[in-house]
Each structure stands twice: as C-alpha cells, then as structure tokens.
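Structure first, then comments.
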Amino acid sequence: MAKLQPSWVETESIGKTVEGRDMMVIKIKKAGAGKPNIFIDAGIHAREWIANAVATFMIRELVENYEENKDIVDNLNIHILPMANPDGYEYSRSGDRMWRKNRATNSGSSCKGVDLNRNFGFHWAETGVSFSPCSDVYCGTKEFSEPETDAIRKYTLSLEPTPILGHSIHSYSQLWLWPYGFDYTSRPDNWEEIKKLAEDASAALEAVHGKYFDPINSADLYPAAGASDDWYRGVLKTRYSFTTELRDTGLYGFLLPAKQIIPSGEELFAGMKVVFRKCIADSTP
Ligand code: 0X9
Ligand code: ZN
Ligand code: ZN
Numbered sequence: 026m027a028k029l030q031p032s033w034v035e036t037e038s039i040g041k042t043v044e045g046r047d048m049m050v051i052k053i054k055k056a057g058a059g060k061p062n063i064f065i066d067a068g069i070h071a072r073e074w075i076a077n078a079v080a081t082f083m084i085r086e087l088v089e090n091y092e093e094n095k096d097i098v099d100n101l102n103i104h105i106l107p108m109a110n111p112d113g114y115e116y117s118r119s120g121d122r123m124w125r126k127n128r129a130t131n132s133g134s135s136c137k138g139v140d141l142n143r144n145f146g147f148h149w150a151e152t153g154v155s156f157s158p159c160s161d162v163y164c165g166t167k168e169f170s171e172p173e174t175d176a177i178r179k180y181t182l183s184l185e186p187t188p189i190l191g192h193s194i195h196s197y198s199q200l201w202l203w204p205y206g207f208d209y210t211s212r213p214d215n216w217e218e219i220k221k222l223a224e225d226a227s228a229a230l231e232a233v234h235g236k237y238f239d240p241i242n243s244a245d246l247y248p249a250a251g252a253s254d255d256w257y258r259g260v261l262k263t264r265y266s267f268t269t270e271l272r273d274t275g276l277y278g279f280l281l282p283a284k285q286i287i288p289s290g291e292e293l294f295a296g297m298k299v300v301f302r303k304c305i306a307d308s309t310p
C-alpha cells in the first residue's frame with residue numbers, strides 16, 4: 026500500500042511548459058518558517074535521465090526515511106524540481122533519445138528548442154552559446170525567453186528567506202562544479218568556501234561507491250553563460266551554488282544502465298548531505 030503523504034510535504038505547479046505541462050516542485054517543509062530554504066533543479070537537459078531519477082531518489086530518502094535524515098529535514102526547507110524540462114524529457118523518450126533542449130518553436134526556423142541552461146539572465150549569451158536555433162546550445166532570443174526558466178526565476182525569487190543553496194543536477198562526466206561558469210576569471214567573493222564545500226561533498230560521495238567527482242570551477246570545464254548555477258549565485262544571491270554532473274565518464278554516457286540508478290542516488294545524496302549540513306551550520310546562530 027502506498028504511504029500517506031506527510032503533512033509537511035507539498036507539491037505545487039510553478040508554471041507551464043511550452044507544450045502545457047506542469048512544472049512540479051515538491052516542498053519538504055517540516056522545518057518551517059524561519060529555517061533556511063534550498064532549491065534543487067534536475068533534468069534541465071532532456072537526455073540526462075539519471076538526473077531526474079536521482080532527484081526522485083533523494084526525495085524518497087528525505088520523505089520516507091525521515092528518521093534517518095531528521096537532522097536535515099527538521100532544519101532545512103527543501104524545494105526540488107525533479108523534472109525541469111518535461112517536454113524535452115517526453116521527446117527524448119518518444120522522438121529523439123539524444124534531445125537536450127526544450128521544445129519551443131523558433132520563429133524563422135524549422136529547428137525546435139532552446140537550451141534552458143543557456144537562457145538564465147546572468148551575463149546571458151556572453152560565452153559558450155549559439156544564436157542559431159538549430160544548435161544544441163541555442164540561448165533563445167533573450168534572457169528568460171522560455172517559460173521553464175522564467176518559472177524557476179519567479180519561484181526562487183519568491184522564497185523567503187533567499188535560498189542559501191541553488192543546485193543543478195546534470196550528467197555526465199562525474200564533476201562537482203562550482204561557480205562562476207560564464208568566464209574563466211570571474212568568481213563569487215566567497216569562492217574559497219564554495220570550492221571547499223565542493224571538495225568536502227565530493228569526498229563524501231567517493232566514500233560510498235568509489236566514484237570520483239572532480240570538484241572544479243565550471244569555466245574550467247568550458248565557459249558557458251546562462252546556466253542556472255551562475256544565476257542562483259549571481260542574481261538570486263544564494264551563498265552556495267553547484268552543478269553536479271553524474272555518472273559515468275563516457276562508457277555509457279547519457280545511456281546509463283538502469284542498475285546504476287540506485288548507486289548514483291546513494292552517492293549523490295551522501296555528497297548533498299555534506300552541503301545540507303553546512304547550510305544548516307551556517308544558519309545556526
Ligand atoms: O553545459 C552545460 O550546461 C552543463 N554541462 S552539460 O554536459 N550537462 O550540458 C554544465 C554547466 C556548468 N555551469 C556553467 N557553465 N555555469
Ligand atoms: Zn558580463
Ligand atoms: Zn546538462
């Protein structure tokens with residue numbers, strides 16, 4: 026029998042996609058008013074299926090294994106968008122398994138889709154984008170041109186207090202990326218504590234199944250502007266922001282076998298718990 030949804034878990038549609046699907050956020054808000062908020066997006070890129078799966082794994086851990094994760098759930102309000110690009114996800118199942126973008130119609134082109142991780146409004150379109158609608162890194166006509174990114178912007182800006190963490194889950198390459206990613210030389214003023222937290226999280230992750238997630242600056246992967254992580258830190262002003270690139274390092278790539286879902290969830294959750302606990306410690310007087 027299905028477990029009853031606890032009173033402290035709520036879902037909300039934060040907006041509609043291009044094709045009219047709901048953008049569903051799950052809020053784990055046992056901590057309640059006055060406790061810090063955090064926001065996690067997953068599946069911004071359609072073909073990165075392990076990201077959505079791991080987000081739902083973490084939701085299960087937090088909600089159904091509450092007793093084990095009590096110190097986190099009692100002290101943090103956790104907002105998770107496990108399916109940030111549902112139109113693209115559906116198309117990656119029914120049309121093209123390697124689809125990345127959303128499913129926007131682009132005027133003057135027969136090519137569909139905008140790369141949602143090039144559409145956020147912080148140094149938008151300055152690096153690592155294309156202005157061609159046929160490109161996989163097409164940044165759109167302007168910042169937040171897409172309903173999916175605009176819904177994330179509005180929802181996260183509405184949270185009070187401002188989230189202490191914004192986190193984006195992708196695949197693949199096994200990386201724990203820290204900001205900024207739009208340029209090699211721009212860093213948040215507290216980059217040293219952000220970098221240290223990426224290193225600590227990566228170490229905890231590695232201890233679970235021996236997978237190493239390199240904790241590097243995003244721009245050192247390649248400079249790319251308009252990603253959610255940069256906007257969380259630069260505009261929303263979260264103290265921490267990260268992008269994690271999950272398994273693997275290329276053997277299966279985006280086509281990760283289903284038997285790696287649970288271990289991928291277990292290891293990312295171990296890393297995230299280090300981040301969650303730091304967020305709590307920083308917010309405790
Ligand atoms: O290019 C991306 O959007 C991310 N990599 S992926 O292979 N999943 O597409 C990395 C984004 C890193 N963050 C920034 N560049 N700000
Ligand atoms: Zn700039
Ligand atoms: Zn991605």
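Heads up, the sequence shown is in the working numbering, so the first residue is 26 and it goes up one at a time. Note that CB positions come from ideal geometry on N, CA and C, so glycine has one too. Just so we're clear, the structure is a prediction, and the values are computed from it rather than from any experiment.
Distance, residue 152 Cα to residue 261 Cα
In the sequence shown, the residue the question calls residue 261 occupies position 236. In the sequence shown, the residue the question calls residue 152 occupies position 127. In a straight line, the C-alpha of residue 261 is about 20 Å away from that of residue 152.
Identify which residue in 203, 186, 224, 185 has its Cα closest to the Cα of residue 193.
Position 168 of the sequence shown, counting from 1, holds the residue named residue 193. Out of 203, 186, 224, 185, 203 has the C-alpha closest to the C-alpha of residue 193.
Reducing DSSP to helix, strand and coil, say where residue 235 ends up.
Here the question's residue 235 lines up with position 210 in the sequence shown. The answer is coil: DSSP assigns residue 235 none of H, G, I, E or B.
Can the beta-carbon of residue 292 be found less than 8 Å from the beta-carbon of residue 195?
Counting from one through the sequence shown, the residue named residue 292 turns up at place 267. Counting from one through the sequence shown, the residue named residue 195 turns up at place 170. Not closer than 8 Å, so no.
What residues sit near ligand 2, counting only those whose C-beta is closer than 6 Å to one of its heavy atoms, in chain order?
148, 151
Among the residues of its own chain, which have a CB less than 6 Å from the CB of residue 81, if the five just before and after it don't count?
Here residue 81 is taken as the residue at index 56 of the sequence shown, counted from 1. Once the five neighbours on either side are set aside, the close Cβ partners of residue 81 are 107.
Given a threshold of 16 other Cβ atoms within 10 Å of its Cβ, counted over all protein chains shown, does residue 122 qualify as buried or as exposed?
Start at 1 with the first residue of the sequence shown, and residue 122 comes out as number 97. Looking at its Cβ environment, which holds fewer than 16 other Cβ atoms inside 10 Å, residue 122 is exposed.
What do you reckon, are the CB atoms on residue 175 and residue 290 nearer than 8 Å?
Position 150 of the sequence shown, counted from the first residue, corresponds to residue 175. Position 265 of the sequence shown, counted from the first residue, corresponds to residue 290. Not closer than 8 Å, so no.
Identify, in the order they occur along the chain, each residue of the same chain with its Cβ nearer than 7 Å to the Cβ of residue 134, setting aside the five sequence neighbours on each side.
On the sequence shown, position 109 is the one that residue 134 refers to. So the list reads 158, 159, once near-sequence residues are dropped.
Where the alpha helix (DSSP H) through residue 98 begins and ends
Counted from its first residue, the sequence shown places residue 98 at position 73. That run of the alpha helix (DSSP H) goes 95-98.
Going by DSSP in three states, residue 40 sits in which element: helix, strand or coil?
In the sequence shown, counting from the first residue as 1, residue 40 sits at position 15. If DSSP states are grouped into helix, strand and coil, residue 40 belongs with the strands.
Pick out the complete alpha helix (DSSP H) segments inside the region 210-262, 4 residues or longer, and give them in chain order.
216-234, 243-246, 253-256
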